[in-house]
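All you need for the numbering used here is the position in the sequence shown, starting with 1, plus 67.
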Amino acid sequence: MTIANPWLFLLLIPLGLLYFFWKGKKYIGYSSLYHVKEPHGFRKIIEGSYKPVFFGSLFFLIVAMTYPQSAYHKEKISLRGREILLCIDTSFSTTGAAIETIKEIVGAFIKKRTNDIIGLSIFGTDAALITMPTMERELLQKSLERVHSSQMGYQTSIGEGIFTSITALFEKEMGNKFTFTELRNSINKQYLGDYAISFVKEMKKRDVLKNKLIILFTDGIYNIGMSPDRPLRLLQRLGIKAYVVAVKASDVYGIDPDVAAQHIRELQEAIESTGGKYFHADNFEEVAHFYNEIDRIEKDEIVIENILKKKDLYLYPTIASLFFLLVSVFIENFWIKIP
């Protein structure tokens, strides 16, 4: 349970003092009580319960004002859509217009995919998952706003970014049977290792490969980490498509044009080997074609488990407070009688 306004519990201190102060006042100022019968039995118990009941209503009112909420509870949602991981290049080469172009396209993409589960990863020298695949569009937009160039280092490891995105898509399925480190070591070879092949077979056996895809937003120039063709080779074996929305590298990066062209060509070939495509962000028609291409990917039923939401509990102490108040009013006006 969580409490939104715990400081309101301080009101219980003066409430307790007031209760004991009033409890000590056991008489009413009449000239004579000679003809007043002393209450006894059940009537005496009822009349004596007035103050505890009245202050009980105030107690529950304070509890309600603290706005208690239950622990997170599980919920299951079923929908038809896709599971998409957006992988964003934040290296130094995206400084300036490049990163802003990426964020603009990604932001529009998130708004458009109303029924898709989307996650965000970023990469530079290192890679990191910043948002697990989710339906929470506001969370995705806020996470995107915090993305900036050089966030994960100045260099560019496209391979690490793709691998991080793959593990995000399969984190739940990997469980204790597969580890990220061993899987990475198994794909970072000339050929896929036995561990990676075992992973592919297990995922196919579980039938968890439908409608998953990775979209890479980058200038296509890499200079550190594993070659991007290695995690893309794993995607090819899994039957998962990868797409690239390419931006122009920042002029301040100063990379050799021939090297850049070679890297872009190699990345494009590796992307197309998965069945995906390579689009250019500076071409409006290609960006529109990119949206249409994703729309053509068949949707499938996605069951989202463990959607965590808070349940408000303030209504229960509010009802209790109202009940105690009504009981105290009844006791005071219909039970306690002083001639």
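Beta carbons: idealized from backbone N, C-alpha and C, even for Gly. All values reported here derive from a predicted model rather than from experimental measurement.
Query                                                                                                                                                                          : Result
With a floor of 4 residues, list each alpha helix (DSSP H) that falls wholly inside the stretch 238–306, ordered by position along the chain.                                  : 238–241, 247–254, 261–273 and 296–305
Please report how far the alpha carbon of Ala194 lies from the alpha carbon of Leu125, in whole angstroms.                                                                     : 54 angstroms
Between which residues of its own chain and Thr385 is the CB-CB distance below 8 angstroms, once the five residues before and five after are set aside?                        : Phe127, Leu128 and Ala131
Contact criterion: CB-CB distance below 8 angstroms. Does Leu302 meet it with respect to chain C?                                                                              : You won't find chain C in this structure, because it holds only one protein chain.
By a C-beta neighbour count over all protein chains shown, 10 Å radius and 16 as the cutoff for buried, is Pro200 buried or exposed?                                           : buried
Provide the residue(s) that pair with Gly186 in DSSP beta bridges, ordered along the chain.                                                                                    : Leu152
Quick check on the DSSP output: the alpha helix (DSSP H) that includes Lys209 runs from which residue to which?                                                                : Arg204 to Glu212
Take the Cβ of Asn278 as the centre, count every other Cβ of all protein chains shown within 10 Å, and call the residue buried at 16 or more, exposed below.                   : buried
Just to confirm my understanding: we take Ile189, look at its own chain, exclude 5 residues before and 5 after, and list those with CB closer than 7 angstroms. What are they? : Ile155, Thr157, Ala195, Ile197, Val214, Gln218 and Met219
Short check: CB of Tyr262 to CB of Glu249, under 8 angstroms?                                                                                                                  : yes
Helix or strand or just coil, what does DSSP make of Thr161?                                                                                                                   : helix
Should Lys308 be labelled buried (16 or more other beta-carbon atoms within 10 Å of its own) or exposed?                                                                       : buried
Does DSSP put Ile197 in a helix, a strand or coil?                                                                                                                             : strand
Locate the alpha helix (DSSP H) running through Val130, then write down its first and last residues.                                                                           : Tyr117 to Met132
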